[in-house]
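Peer 1: In the numbering used here, the protein residues as written are 1 to 244. Where is the CB? At the ideal position from N, CA and C, for every residue including glycine. Since the model is a prediction, treat every value here as computed from it, not as a measurement.
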Amino acid sequence: MLAIENLTKSYNRGALALKDISFCIEPHTFTAILGPSGAGKTTLLRCILQLVKLDGGRVWFQGQDLTNCSAKDLRNSRTQIATVAQQFNLVRRRSALENCLGGRLQELPLWRCFLGVFPISLLNEAMAALERVQLLDVAFQRADRLSGGQQQRVAIARALTQRARLILADEPIASLDPETAHIVLGLLRSLCTQEGLTIVCNLHQVELAKQYSDRILGIQAGELVLDMPTHQLSSSDINRIYRS
Ligand code: ADP
Numbered sequence: 001m002l003a004i005e006n007l008t009k010s011y012n013r014g015a016l017a018l019k020d021i022s023f024c025i026e027p028h029t030f031t032a033i034l035g036p037s038g039a040g041k042t043t044l045l046r047c048i049l050q051l052v053k054l055d056g057g058r059v060w061f062q063g064q065d066l067t068n069c070s071a072k073d074l075r076n077s078r079t080q081i082a083t084v085a086q087q088f089n090l091v092r093r094r095s096a097l098e099n100c101l102g103g104r105l106q107e108l109p110l111w112r113c114f115l116g117v118f119p120i121s122l123l124n125e126a127m128a129a130l131e132r133v134q135l136l137d138v139a140f141q142r143a144d145r146l147s148g149g150q151q152q153r154v155a156i157a158r159a160l161t162q163r164a165r166l167i168l169a170d171e172p173i174a175s176l177d178p179e180t181a182h183i184v185l186g187l188l189r190s191l192c193t194q195e196g197l198t199i200v201c202n203l204h205q206v207e208l209a210k211q212y213s214d215r216i217l218g219i220q221a222g223e224l225v226l227d228m229p230t231h232q233l234s235s236s237d238i239n240r241i242y243r244s
């Protein structure tokens with residue numbers, strides 16, 4: 001699904017934010033990326049999406065080299081990669097349904113986007129996505145009237161409407177209470193197990209990473225210091241990620 005090869009990134013020619021990172025992600029897996037603040041987790045996700053310029057290395061997504069492809073191929077690949085962010089990144093004044101439809105705007109003619117006239121098949125798909133995350137009852141409510149947990153589930157429904165195969169989640173539960181955090185991570189886990197999506201999720205909480213992921217990558221000061229199946233993770237491994 002995803003291959004990262006010798007990825008290196010610095011900001012403004014300063015210290016390296018990522019140092020020679022390489023790993024592969026198998027389809028239909030849930031990978032948690034653990035690491036202290038400033039370790040480079042967000043930068044890694046931004047590099048995968050080519051939102052920042054890499055200093056070196058390659059990113060392959062489903063056999064396509066995203067670091068060396070046309071703008072059109074990059075756009076096409078990005079349609080299959082959804083992001084779920086800490087702050088939900090919804091259009092606050094739009095309804096849950098409209099936010100889901102936002103995941104497919106790029107394939108619609110401009111007039112449909114301007115007039116808000118969507119094909120019935122797409123509306124059905126967005127409604128089905130909201131039903132999948134158990135939010136059909138708030139489909140027509142404005143996003144900013146929803147709770148944090150509901151907003152994050154709308155973001156996940158948007159990823160489903162987008163028909164993403166890979167979800168990159170950047171600390172998706174950082175602003176949620178513990179109970180809601182379990183609901184959101186449980187949902188991501190079930191999309192992986194039941195719908196075959198691939199999840200890569202930055203997390204702070206070791207216990208949650210152990211509970212929901214198949215594999216753990218540990219990043220410390222821009223270096224990949226750990227890469228192992230979750231069931232093998234020991235407390236000394238965790239110390240390796242969080243040592244100062
Ligand atoms: P994490 O997500 O693990 O907290 P980040 O990827 O946000 O880590 O940051 C990694 C390093 O890159 C940090 O030292 C941070 O200060 C630096 N950094 C992140 N974004 C920028 C930016 N836009 N400009 C300059 N430095 C940045």
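Which residue from L2, L101, K41, L160 puts its Cα closest to that of F140?
Peer 2: If we check each option's Cα against that of F140, L101 comes out closest.
Peer 1: M228 lies in the alpha helix (DSSP H); which residues open and close that run?
Peer 2: From DSSP, M228 is part of no alpha helix (DSSP H) but of the beta strand (DSSP E) over 223-229.
Peer 1: Below 8 angstroms, how does it come out for the region 25-41 and the region 213-227: are there three or more Cβ pairs, yes or no?
Peer 2: Yes: the two stretches touch, three or more of their Cβ pairs being nearer than 8 angstroms.
Peer 1: So, do the region 3-15 and the region 56-64 have three or more beta carbon pairs nearer to each other than 8 angstroms?
Peer 2: Touching, yes.
Peer 1: Which runs of the alpha helix (DSSP H) fall wholly inside the region 167-244 and span at least 4 residues, in chain order?
Peer 2: You should have 178-195, 206-212, 235-242.
Peer 1: Can you tell which of Q134, S77, V138, H28 has its C-alpha closest to the C-alpha of Q106?
Peer 2: Nearest C-alpha to Q106: S77.
Peer 1: Just to confirm before moving on: does the CB-CB distance between I167 and A82 stay below 8 angstroms?
Peer 2: Taking 8 angstroms as the Cβ cut-off, I167 and A82 qualify as a contacting pair.
Peer 1: Short of 7 angstroms in beta carbon distance, which residues of its chain neighbour D73, apart from the five on each side in sequence? Order them along the chain.
Peer 2: Counting only Cβ-Cβ distances below 7 angstroms, and skipping sequence neighbours, we find Q64.
Peer 1: How would the residue list near the ligand ADP read, in chain order, if you kept each one whose beta-carbon is closer than 5 angstroms to any heavy atom?
Peer 2: Residues flagged by the Cβ proximity filter: Y11, A17, S37, G38, A39, G40, K41, T42, T43.
Peer 1: Closest to R190 by CA distance: which of L160, D227, I238 is it?
Peer 2: Arg is not the amino acid found at residue 190; the sequence shown has Ser there. For S190, the nearest C-alpha among the options comes from L160.
Peer 1: Considering only residues of the region 47-99, which uninterrupted alpha helix (DSSP H) runs meet the minimum length of 4 residues and lie entirely inside it, listed in chain order?
Peer 2: The qualifying runs are 71-79.
Peer 1: Using only CA atoms, which one of Q194, E26, F114, Q151 lies nearest to R92?
Peer 2: Among Q194, E26, F114, Q151, the Cα nearest to that of R92 is on Q151.
Peer 1: Assuming R163 and L135 form a contact by the criterion Cβ under 8 angstroms, report the distance between their Cβ atoms to the nearest whole angstrom.
Peer 2: Not quite, the Cβ-Cβ distance comes to about 18 angstroms (not below 8 angstroms), so this is no contact.
Peer 1: For R88, count the other beta carbons within 10 Å of its own beta carbon; 16 or more makes it buried, fewer makes it exposed. Which is it?
Peer 2: Looking at the sequence itself, residue 88 is Phe, so the reference to Arg does not match. So F88 counts as buried.
Peer 1: What residues in its chain sit with their C-beta under 6 angstroms from that of L49, if we drop five residues either side in the sequence?
Peer 2: Once the five neighbours on either side are set aside, L49 has no close Cβ partner at all.
Peer 1: For L2, which beta-bridge partners are listed by DSSP?
Peer 2: L2 pairs with I25, F61.
Peer 1: Can you give me the start and stop residues for the beta strand (DSSP E) that A32 sits inside?
Peer 2: Residues 30-34.
Peer 1: For the alpha helix (DSSP H) that contains Q150, what are its first and last residues?
Peer 2: Per DSSP, Q150 belongs to the alpha helix (DSSP H) from 148-161.
Peer 1: Between the beta-carbon of L18 and the beta-carbon of T43, is there less than 8 angstroms?
Peer 2: Yes, the Cβ-Cβ distance between L18 and T43 is below 8 angstroms.
Peer 1: Would you decide whether F114 is buried or exposed? Buried here means 16 or more other CB atoms lie within 10 Å of its CB.
Peer 2: The residue in question, F114, is exposed, as its Cβ has fewer than 16 Cβ neighbours within 10 Å.
Peer 1: Does DSSP put L136 in a helix, in a strand, or in coil?
Peer 2: Three-state result, L136: helix.
Peer 1: If you run the structure through DSSP and keep just helix, strand and coil, what is L108?
Peer 2: Looking at L108 - three-state DSSP - the assignment turns out to be coil, as it is neither helix nor strand.
Peer 1: Which of the three DSSP states, helix, strand or coil, is assigned to A126?
Peer 2: Helix, per DSSP.
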